[in-house]
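Residue numbers (this note's numbering), protein chains in the order written: chain A, 12 to 98; chain B, 10 to 405; chain C, 2 to 359. Here's the structure, in structure tokens; my notes come after.
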Amino acid sequence: MEELIKQLKLDIIEALSLEDVVADDFDAETPLFVEGLGLDSIDALELILLMERKYGVKVEDPKERRNVLRNVRAMAECIMEHRNKQK
Amino acid sequence: MGTRVFVTGLGIISAIGNGTEETLDSFNKLKSGIGRLTHIKSLHDNIPVAEVAFAYNDLLNIAGVQHSLNIYTRNTLLAIIAASQAVENSGWLNAFEKRTGAVFATTVGGMDFNEKYYKSLLESDQYKDFINVFDSADCGEKVASHFGISRNITTISTACSSSANAIILGSRLIKNGKLDRVLVGGTDALTRFTLNGFFALEILSPKGCTPFDRDRNGLTIGEGAAFLILESEEVADPQKVICEVSGFANINEAYHATASTADGFGAAMAMTKALLSAELNPSDITYINAHGTGTEINDLSEGKAIENVFNGAIPRVSSTKGFTGHTLGAAGAIEAVFSALAIREQKALPGLGFKNRMPELSFDPQLKPETMKVKHVMSNSFGFGGSNATLIFSKV
Amino acid sequence: MRAFIKSSGVISPQLTHNITAFPEQLHEVNDNRLACLEPDYRNLINPLLLRRMPRILKMGLAASQLCITRAGNVIPDGIIVGTGLGCLDNLEKFLMDVINNNEHVTSVLPFINSTHNAVAAQISLLLKNHNYNITYCHRGFSFESAIQDAMMLIGEKQAENVLVGGIDECTTDFLLLHSYLNAWKKPLSNLELLSDKNPGTIAGEGSAFFMLSGQMEPLENGVVIEDVHTFFTPEGADLKVITSEISQFLENQNLSVHDLQGVLLGINGDPDHDDCFYALLREYFHNQTALYYKHLCGEYYTSSAFALWLGSVILGESQIPRGITLKTDIAQPIKNLLIYNQINNSEHSLIFLHYGRL
């Protein structure tokens, strides 16, 4: 899980071009939207694409998305759950 | 301010027909142009689109151009076809008889060729002859050459409000005494580029757009072209006058790159300013051809704006995008042609796909063509980047 | 319907972003492309916003910010941008994403940025400006259309101050594709551009913004854009047609070619392209100070925006810098100037400037 969280942070920094941010600047529980990293709706779309293209997870329901994208840990948990379902 | 601006010619090609007669027939029969993707191969061919019925070779024939002499994108062929109709039915003899210019609009430019040949061009020069048709000026220059227009030619690209802005500029060029006659309009062909862009934005309707419906779930991309001939009162042949461009407004919402405000502030500003420029009251408007894309945000935003501006006295409203899809850069001109037709035919035009009223609104869109006294028509076009344009056309 | 140039902000292949006068030294590059000398954008644009911006957006926002600050932070009543190719880099990016990943695209932001009006829209967004906003995308007419629109807006009394910009970026793909059309010379010094008689020119890019105003106090101390005109010759450039258009244009200002003191020409080093300019110099512009500018900024669709900046500096400072004159090296100060550019022997543009009263 912790490995996945580390990787996800790097993925997020790259996908959103957060040039001045490094992985140590935020942790798994830092809010991604509004406060914390302060991302917006366009960033949300990019993260949904990231989850789908790189991790094969489709999150379509808007309520579920708000939940899954609230922080990095929630994203990781969603991916893990999808992986377990695949097994 | 300045001379009056009259519309003396119309031309259109879209998913609901080639020319104004076929178009009106589709409205009368409530026949939508939305269907399956056939002209392009795409992963997303399960998503409804509104294509012009003709394949590329058919468009070449209709446009009557020599493919051996020049390279014509689908985008340009649509423009030539629509512009030719407008030119012909305005009684145009040549480009020199009146001080003439042209204002074009497009968002995709030559992307239908660009996306086909780009990868190959990065590897070899085999298709180098096509390079000069990729950008947004090509269709305008091909049309201008076709009709011998040599001065005051330009192209506007402001997303979905592009061709509405072209009509505004054309009108202002006449009012400022720079030109007596302007060919104005826009064109956008369907491309994988835009289909994938809108798909990634998650705003495409999986079943076809249903503007102003409570359960609407996105827009449907269409393609097409439309042109109008605008002339000053001094030079226009009274027999050819269809209607007047009596008011317009261009504002920027300055809110978000792709979305509008939920309270419709930007839309209301555009409509109010247009009414002011036409020296009209909201109660003077008989029919609104709304932007009405069928997305959750736009229809809420525009619907609320209509409620606020027209406050209890809401005119007939419809979005014709249930017929033509959202034709992006061509939408403003296509819907301007519809507005002119509404005046010529004295009919409010219908929308399609509506089943249940939006809880936030007090009105239903117009569901059937309705013969009535149509004096003033408002047409809205709201684009990405907050670019909002409203036009008002009036019976002369 | 004249307009005064209140201020400007320019990012170009010369060191123009941190000064308002002409640079002390001409920047020399040995290549067939000139890239902009860019400022540290963090000083001009909120760093939190920079991350999502493609380069051309940064160039546009920075140059417009410089322009607005120098105009005393006036609120523009209109924002008008001319760009031949728009956000080309992001358009290419999204296109390749669609092609290479078989429509399983990995990012949506490049699509949003690829709309041609992204620069004008972003400026509006940052200024929270709801006024008139438009983008022209017609190759060599893009910037001229923007100027004409701004002047009309001022003449209509719809605006007192209008922010107008001309912007284009050069990308590697663009260079490659146009190399197939023999557009570029082999790498050379840009300052030797006209000595090289081989086909082709040198690619360029730039972002030049101006605050145009309906008034400047006092009238005597302003650089004025008197008029702008474009014409299209798809069959090729013809000297008779060109001189006729120029004569008519000058006549519209109640002038003849004899009243013209200076001309700033879009000569780009390609013999086929430059033929008409040299013919004009032989047959028509006999007594004018003749200047050129594309060795400083390169060839691109909105290079006339750079030319307008250069022209305004020449008139405003009452001095002609070294290294831009065609006939003699030292030239007398001039009080009026005609900028004439053409692209592809088909798109011709004229801008007439003067200093103080005509």
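We treat Cβ as the ideally placed atom computed from N, Cα and C, and that holds for glycine.
Closer than 8 Å to chain B by CB, residue i
{"i": "L19 (chain A)", "result": "no"}
{"i": "I53 (chain A)", "result": "yes"}
{"i": "V56 (chain A)", "result": "Per the sequence presented here, residue 56 (chain A) reads as Leu, with Val not at that position. With 8 Å as the cut-off, L56 (chain A) counts as an interface residue toward chain B."}
{"i": "L61 (chain A)", "result": "no"}
{"i": "N255 (chain C)", "result": "no"}
{"i": "F5 (chain C)", "result": "no"}
{"i": "A238 (chain C)", "result": "no"}
{"i": "K1 (chain C)", "result": "What the structure shows of chain C is the stretch from 2 to 359, and residue 1 (chain C) is not part of that stretch, so it cannot be assessed."}
{"i": "I135 (chain C)", "result": "yes"}
Coarse secondary structure for residue i, derived from DSSP in three states
{"i": "T203 (chain B)", "result": "helix"}
{"i": "T329 (chain B)", "result": "coil"}
{"i": "G18 (chain B)", "result": "strand"}
{"i": "T411 (chain B)", "result": "Residue 411 (chain B) lies beyond the stretch modelled for chain B, which goes from 10 to 405, so this question has no answer here."}
{"i": "R77 (chain A)", "result": "helix"}
{"i": "I59 (chain A)", "result": "helix"}
{"i": "A4 (chain C)", "result": "strand"}
{"i": "M124 (chain B)", "result": "What sits at residue 124 (chain B) in the sequence shown is Glu, not Met. Helix, per DSSP."}
{"i": "R45 (chain B)", "result": "coil"}
{"i": "L292 (chain C)", "result": "strand"}
{"i": "M1 (chain C)", "result": "Look at the range of chain C in this structure, 2 to 359, and you will see that residue 1 (chain C) is not part of it."}
{"i": "V33 (chain A)", "result": "coil"}
{"i": "I177 (chain B)", "result": "helix"}
{"i": "H117 (chain C)", "result": "coil"}
{"i": "A72 (chain C)", "result": "coil"}
{"i": "G394 (chain B)", "result": "helix"}
{"i": "T399 (chain B)", "result": "strand"}
{"i": "T107 (chain C)", "result": "coil"}
{"i": "G61 (chain C)", "result": "helix"}
{"i": "S154 (chain B)", "result": "helix"}
{"i": "D222 (chain B)", "result": "strand"}
Test: residue i CB closer than 8 Å to a CB of chain A
{"i": "P48 (chain C)", "result": "yes"}
{"i": "E150 (chain B)", "result": "no"}
{"i": "E211 (chain B)", "result": "yes"}
{"i": "H105 (chain C)", "result": "yes"}
{"i": "A168 (chain B)", "result": "no"}
{"i": "I113 (chain C)", "result": "yes"}
{"i": "R56 (chain C)", "result": "no"}
{"i": "A263 (chain B)", "result": "no"}
{"i": "A92 (chain B)", "result": "no"}
{"i": "S146 (chain C)", "result": "no"}
Minimum Cβ-Cβ distance from residue i to chain C less than 8 Å
{"i": "D197 (chain B)", "result": "no"}
{"i": "R64 (chain A)", "result": "yes"}
{"i": "G360 (chain B)", "result": "no"}
{"i": "R48 (chain A)", "result": "It should be noted that the sequence gives Leu, not Arg, for residue 48 (chain A). No, because no Cβ of chain C sits closer than 8 Å to the Cβ of L48 (chain A)."}
{"i": "E25 (chain A)", "result": "no"}
{"i": "Y296 (chain B)", "result": "no"}
{"i": "D144 (chain B)", "result": "yes"}
{"i": "E30 (chain A)", "result": "yes"}
{"i": "R181 (chain B)", "result": "yes"}
{"i": "L102 (chain B)", "result": "no"}
{"i": "K137 (chain B)", "result": "yes"}
{"i": "Y81 (chain B)", "result": "no"}
According to DSSP, residues forming a beta bridge with residue i
{"i": "L192 (chain B)", "result": "B:A111, B:I238"}
{"i": "C169 (chain B)", "result": "B:T167"}
{"i": "L213 (chain B)", "result": "B:L228"}
{"i": "Y356 (chain C)", "result": "C:V224"}
{"i": "Q343 (chain C)", "result": "C:H349"}
Runs of beta strand (DSSP E) wholly within the region 124-186 of chain C (minimum 3 residues, chain order) = Fully enclosed beta strand (DSSP E) runs of no fewer than 3 residues occupy 133-137, 162-169 of the region 124-186 of chain C, in order along the chain.
request  = Please go through the region 324-376 of chain B and give each complete alpha helix (DSSP H) segment of 4 or more residues, from N-terminal end onward.
outcome  = The alpha helix (DSSP H) runs of length 4 or more contained entirely in the region 324-376 of chain B are, from start to end of the chain, 330-333, 340-354.
ask   = Which parts of the region 273-330 of chain B are runs of the beta strand (DSSP E), unbroken and 3 residues or longer, counting only runs that do not cross its ends?
value = Unbroken beta strand (DSSP E) runs of no fewer than 3 residues, entirely contained in the region 273-330 of chain B, are found at 296-298, 325-327, following chain order.
query = Would you say the region 21-32 of chain B touches the region 198-213 of chain B, given that touching needs at least three Cβ pairs under 8 Å?
reply = No, the region 21-32 of chain B does not touch the region 198-213 of chain B.
message = Report the start-end ranges of each alpha helix (DSSP H) in the region 277-340 of chain C that is 4 residues or longer and not cut off at the edges.
response = Within the region 277-340 of chain C, the runs of alpha helix (DSSP H) that reach at least 4 residues and sit entirely inside it are, in chain order, 295-298, 304-318.
Cβ contact check for the region 152-168 of chain B and the region 139-149 of chain C: 3 or more pairs under 8 Å = Note that the region 152-168 of chain B touches the region 139-149 of chain C; at least 3 beta-carbon pairs, one per stretch, sit closer than 8 Å.
query = Is it true that the region 175-195 of chain C meets the region 310-317 of chain C, where meeting means three or more beta-carbon pairs spaced less than 8 Å apart?
reply = Segments in contact, no.
query = Does the pairing of the region 172-184 of chain C with the region 332-352 of chain C give three or more beta-carbon distances under 8 Å?
reply = No, the region 172-184 of chain C is not in contact with the region 332-352 of chain C.
request  = Indicate whether the contact test is met: 3 or more Cβ pairs, each with one atom in the region 75-83 of chain B and one in the region 142-151 of chain B, closer than 8 Å.
outcome  = Inter-segment contact for the region 75-83 of chain B and the region 142-151 of chain B is present: three or more beta-carbon pairs are separated by less than 8 Å.
query = If you pair each beta-carbon of the region 216-224 of chain B with each one of the region 321-337 of chain B, do three or more pairs fall below 8 Å?
reply = The region 216-224 of chain B vs the region 321-337 of chain B: in contact.
task = Spell out a yes or no on whether the region 337-349 of chain B and the region 109-126 of chain B are touching, meaning 3 or more CB-CB pairs, one atom from each, closer than 8 Å.
result = Counting Cβ pairs under 8 Å, three or more are found: they touch.
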